[in-house]
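Let me begin by presenting the structure, written as structure tokens, before commenting on it.
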Amino acid sequence: MAQTLTADPHAPTAHGHAAHPTDGSYNYLNYDKTFMSWAKTVDHKRIGLMYMVTLAIVFLVAGLFAIALRTELIATNWTNYAAGEQDAAGTIMNANTYNWVFTMHGAMMTFLFLVPSVPAILGNFVLPLHLGAKDVAFPRLNLASYYFYIAGAVLVIASLFVGRLDTGWTFYMPYSARTNGSVTFLTMAIFIAGFSSIFTGLNFIVTIHKMRAPGLTWNRLPLFVWAMYAVSLVQVLATPVLGITMLLLFTERIFGVGIFDPALGGDPILFQHMFWFYSHPAVYIMILPAFGIISELMGTFSRQRLYGYRAVALSSVAIALLGFLVWGHHMFVSGQSAISSIIFSLITYLIGIPSGIKVFNWVTTMYKGSIWLQTPMIYALMFIFLFTIGGLTGVMVGVLAVDVALHDTYYVVAHFHYVMMGGTVIALIGGMYYWFPKMFGKMYSERWAKIFSLFVFVGFNTTFFTQFLLGAKGMPRRYWDYIPMYENLHRISTIGSYILAVGLFGVLGTWIWALMKGRKAPQNPWGAATLEWTHATSPPDPHNFTATPVVTRGPYDYYLADEVFFAQNDRPSGDGSEGDGAGDGAAAAVVARPIVRDFKPH
Amino acid sequence: MAHVSSHDDHGDGHHGHYVAPTSLLYKVFGALVFFTILTVATGTADWIPGALHVPIALTIALIKVVLVAMFFMGLKHDNRVNTVILTLTTFFVIVFLGFTLFDVTQRGDLGNVDRMTAADRAYLVQQDSIRYAQIPAATLAADTTGADTTMASGAAPDSVAAADTTTTP
Amino acid sequence: MASAPATLTVDSPEVHDAHAHDHPPHLQHHFVSSEQQFDAAKMGMWLFLATEILLFSGMFVGYAVFRTLYPATYEACATALNTMQGAFNTLILLGSSLTVALAINCIQKDDQKGLRRNLLLTLAGAAIFLVVKYFEYTHKFHGGIYPGLAFHPYGEEFGHLANVPYARQFFSLYYVSTGIHAVHIIAGMVVLSWVYLKARKGTFSSSYYTHVELGGLYWHLVDVIWIFLFPLLYLIH
Chain Z
35 MAQTLTADPH APTAHGHAAH PTDGSYNYLN YDKTFMSWAK TVDHKRIGLM
85 YMVTLAIVFL VAGLFAIALR TELIATNWTN YAAGEQDAAG TIMNANTYNW
135 VFTMHGAMMT FLFLVPSVPA ILGNFVLPLH LGAKDVAFPR LNLASYYFYI
185 AGAVLVIASL FVGRLDTGWT FYMPYSARTN GSVTFLTMAI FIAGFSSIFT
235 GLNFIVTIHK MRAPGLTWNR LPLFVWAMYA VSLVQVLATP VLGITMLLLF
285 TERIFGVGIF DPALGGDPIL FQHMFWFYSH PAVYIMILPA FGIISELMGT
335 FSRQRLYGYR AVALSSVAIA LLGFLVWGHH MFVSGQSAIS SIIFSLITYL
385 IGIPSGIKVF NWVTTMYKGS IWLQTPMIYA LMFIFLFTIG GLTGVMVGVL
435 AVDVALHDTY YVVAHFHYVM MGGTVIALIG GMYYWFPKMF GKMYSERWAK
485 IFSLFVFVGF NTTFFTQFLL GAKGMPRRYW DYIPMYENLH RISTIGSYIL
535 AVGLFGVLGT WIWALMKGRK APQNPWGAAT LEWTHATSPP DPHNFTATPV
585 VTRGPYDYYL ADEVFFAQND RPSGDGSEGD GAGDGAAAAV VARPIVRDFK
635 PH
Chain G
6 MAHVSSHDDH GDGHHGHYVA PTSLLYKVFG ALVFFTILTV ATGTADWIPG
56 ALHVPIALTI ALIKVVLVAM FFMGLKHDNR VNTVILTLTT FFVIVFLGFT
106 LFDVTQRGDL GNVDRMTAAD RAYLVQQDSI RYAQIPAATL AADTTGADTT
156 MASGAAPDSV AAADTTTTP
Chain C
134 MASAPATLTV DSPEVHDAHA HDHPPHLQHH FVSSEQQFDA AKMGMWLFLA
184 TEILLFSGMF VGYAVFRTLY PATYEACATA LNTMQGAFNT LILLGSSLTV
234 ALAINCIQKD DQKGLRRNLL LTLAGAAIFL VVKYFEYTHK FHGGIYPGLA
284 FHPYGEEFGH LANVPYARQF FSLYYVSTGI HAVHIIAGMV VLSWVYLKAR
334 KGTFSSSYYT HVELGGLYWH LVDVIWIFLF PLLYLIH
């Protein structure tokens, strides 16, 4: 019971037009190479790539800011603590500059990188392929999304030159009304970039509802699609509140409206309520797509159906919806009423449950599976380890009494870096390695990818695990300087950040090398069973599929996926992509073949 | 839902879209006008107790919105999904409003908690008594405000806390 | 059971577009039917309306918080707002909602003239709303009631407001709420004007009127927001 392809009456073949090859040599990358064809493209795959390049640049800039601030913190500036002598020039920057650097690092990473990351890059590229669709529901809106993002990003970069924003990425009142920094610029930038997020989410929801291939019921959707659905719900419902918050902040600064500024009679905690009503669901925007990637990776590289498909699918939606009820746990010490804090804390415990469900299901997926430790799987396993630490420490700071001590310390910094970086970024890298052959038709170097993954893992843990210790010992966050007792841990953390930087540059290097010199990728190097691997070439045709697929099995039903086991990767000799040397695909006898995976040790 | 492509709905007439009778639209408009007049009337009426004005106004507004949504926007005969979108949105608006208002009304509920530790309080009492001992006897006799004695007499935490916000480090 | 034969011929995208098809010109190529396209467009519009509702919700939350904290201020300040103008505007907007619903009704019955007439009536209603708003705002400006720090009421009609604490917040919220609402009215007018121009060219028919439907949905939302704003701002007692 394989999936079949029906002749599509809408396909131009019905009209007898000129042919183009469908073996991948004519694909979405090379059918038109002019600049305008990229600038005006409505092809979701090209838009995904454009996001990828832009977001990589943003990540680079924000990451360099992070290296700068870790370098500043490598040594304490107290030249004589007992006598109260402090070097105001700092290690490499003074205190005001430091405030600006961590603010820009935070704002760029959260708003400009993490929120779009997986949905804009991998969601755009993979979602229509997973659904058997030709494109998303509103392709022109998709392109508009990208340009809104560019506008927002340009404004943020411009703000680097206009003023020095030093409020922290949370823009708390009343300081954000008083500071001379470029708050006005950034509020406008974030307001505009918010539209990018909203339109992407809107597009995905309609696409998933309306453009599934025949036979693709909700229960047969890949879990990546369920994750995109959940994250799109959050994007559509939460981002407008950020929009109005930024608008009100803007009017507060320009007109002195007095809603938030206590000197004018306003309520600063109201700002925090409005800010966190978006920003807490925002962190679920960042992590839910990562969950989707991990579900795909765990299934493919254990060669098994995802254990507990329905639980994992529904837990994504549960996290999306529950995430709207807990924003007050960022405000425990803000002056919020005690009874509200208690209620928010209790609901926060609940959110750990669906996340835990997922982790248990992923681990169980490996049980009795055929584990193939390729780079994407390494990153998936890394994710489970790092996210578990991050998630559990999140519940810890969700405990009201504990948070009173740990709020605004390095403990919180370590927690969110474990979930955001150890979670989302690691999953994104794993997903990029996984879908790299599909996107570019090239294979990366397994050996170097694995080497740099080690750098990433060691560097990450060195940097951020020490920060748990720092925070528990009382080191406050966003401080330019610290007393000498913290110096050793800070030094270790900074060295870790250098190792992490080497690892991340190395990852980028493996991709660039693969683009230039990687060997040609077969259609389905991983032996995966979802539509983009079984029915689309590497790289895909501009219209994705030669004909609309008709789905007759689930996305992980390997035992039903004949086309994965037969004929897929067998090609005429010459491109060297054969699996285990099993000759041509015309081996008619139903021989129990070993798993057809493209495995060539480098 | 996507279905296997067919040609039967190309160049079709109404695609099965619901066409509302025009009289229904006018009737709904009439109802909306009526409810608007009702809103103004109840909103300016003196005989309705003040606390009820907002709930009544919001209820009537809700009825008007339901009418607009169901009939003018066509939700009644539309895909169920669109109604779910509206309902979910409304739910989260209520969550946002509800939790925030709840917090605002319950602010300052830490009044029964002493904001100082016992050690801090003891230190301040000691400092106070040192200062008290240094004041000349003549000034003390003339001084009737009694402000300096609030600390040593162990008055209620709130007033002490209010008095010593300037001294707490 | 066979996977895609490697040599199935498929047209290149640019050649594809140049050929006539046996389906309507408005049908975009990634959709399989007009029905699917229309339903998708409507669903997309409803999602966009959801985002607009949440955008305004922030202002309602601000309003609610300040009214809870300072109820006396709200009662004192509401006297400065003209209930009759607000009620008149409400009726005008409800009327424009009716006319835009009638416009959709007309095109569903292939009544092109009715479509155009009703679209123009809707635009007229919107314009009247803005004119009334203009008078409301300028009247307040003459009394020194500006948003934010520029708030300095004087004169016999508004002078007493200078002694009302937190009056600045009330009026700032009033200006921000009605101001952003007015921006949406203008945006709606732009959209409906564009729809009207397309209607004049005969783009729409009973089998294709998506733009009218979507423009109408947006307009109804603008009306819905005002239905809530009116009693909350003008009828505080």
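Going down the list, the sequences are from chains Z, G and C.
Count along the first sequence from 1, then add 34; that gives the number in our numbering.
Count along the second sequence from 1, then add 5; that gives the number in our numbering.
Count along the third sequence from 1, then add 133; that gives the number in our numbering.
A virtual CB, placed ideally from N, CA and C, is assigned to each residue, including glycine.
As the structure is a prediction and not an experimental result, all values here were calculated from the model.
I'd like the span of the beta strand (DSSP E) that includes residue i, first residue to last.
i      : result
W252/Z : Here W252/Z belongs to no beta strand (DSSP E), and DSSP marks it neither H nor E.
W112/Z : W112 to N114
Three-state secondary structure (DSSP) at residue i?
i      : result
W406/Z : coil
H364/Z : helix
Q338/Z : coil
H139/Z : helix
S305/C : helix
Y383/Z : helix
D591/Z : coil
T88/Z  : helix
H82/G  : helix
H314/Z : helix
S101/C : One cannot answer for residue 101/C here, as it falls past the ends of chain C, which runs 134 to 370.
I303/Z : helix
H159/C : coil
H370/C : coil
H569/Z : coil
Between residue i and chain C, is the shortest Cβ-Cβ distance under 8 Å, so that the two count as touching?
i      : result
V149/Z : no
S611/Z : At S611/Z the pLDDT is 39, less than 50, meaning the model places this residue with poor confidence; the figure from the coordinates comes in the next sentence. Closer than 8 Å: no.
T64/G  : no
M207/Z : no
M75/G  : no
T4/G   : The shown model of chain G, from 6 to 174, leaves out residue 4/G, and the question about it has no answer.
L282/Z : yes
Looking at the unbroken alpha helix (DSSP H) that takes in residue i, where does it start and where does it end?
i      : result
W179/C : S167 to L202
K242/C : Where K242/C is concerned, there is no enclosing alpha helix (DSSP H), given that its DSSP letter is neither H nor E.
S179/Z : P173 to V196
Y367/C : T343 to Y367
Y467/Z : I460 to F474
K551/Z : E521 to K551
L220/Z : V217 to K244
P60/G  : G55 to L72
M70/Z  : F69 to A73
Run down chain Z in chain order and give the residues with a C-beta less than 8 Å from the C-beta of residue i.
i     : result
T94/G : L271
D83/G : Chain Z residues near D83/G: none, gap ~14 Å exceeds 8 Å.
Answer with yes or no whether the minimum CB distance from residue i to chain G is below 8 Å.
i      : result
T223/C : yes
I186/C : yes
Please list the partners that residue i has in chain G, where partner means a Cβ-to-Cβ separation under 8 Å.
i      : result
N238/C : V24, A25, T27 and L30
M176/C : N84, V86, N87 and I90
Q370/Z : D108 and R112
G362/Z : F104 and D108
Nearest to residue i by alpha carbon, out of the options?
i      : options                           : result
P60/G  : V71/G, L29/G and G48/G            : G48/G
Q557/Z : A261/Z, G475/Z and A483/Z         : G475/Z
W406/Z : L331/Z, V351/Z, F69/Z and T382/Z  : L331/Z
G82/Z  : L63/Z, L98/Z and T68/Z            : L63/Z
S329/Z : L271/Z, S487/Z, G342/Z and I319/Z : G342/Z
T88/Z  : M127/Z, A122/Z, M70/Z and M142/Z  : M142/Z
So residue i contacts chain G; which residues on that side make the cut at Cβ distance below 7 Å?
i      : result
F358/Z : F97 and V100
Which residues in chain C sit within 8 Å of residue i, going by Cβ to Cβ distance?
i      : result
K244/Z : Q169, D172, A173 and M176
At 9 Å on the CB atoms, spell out the chain C contacts of residue i, in chain order.
i      : result
F34/G  : L227, G228, S230, L231 and A234
T41/G  : A220, T223, L224, L227, I360 and F363
I232/Z : L180, F181 and T184
For a contact meaning CB atoms closer than 7 Å, what does residue i contact in chain C?
i     : result
L37/G : L227
Using a Cβ-Cβ distance cut-off of 8 Å, determine whether residue i contacts chain Z.
i      : result
V357/C : no
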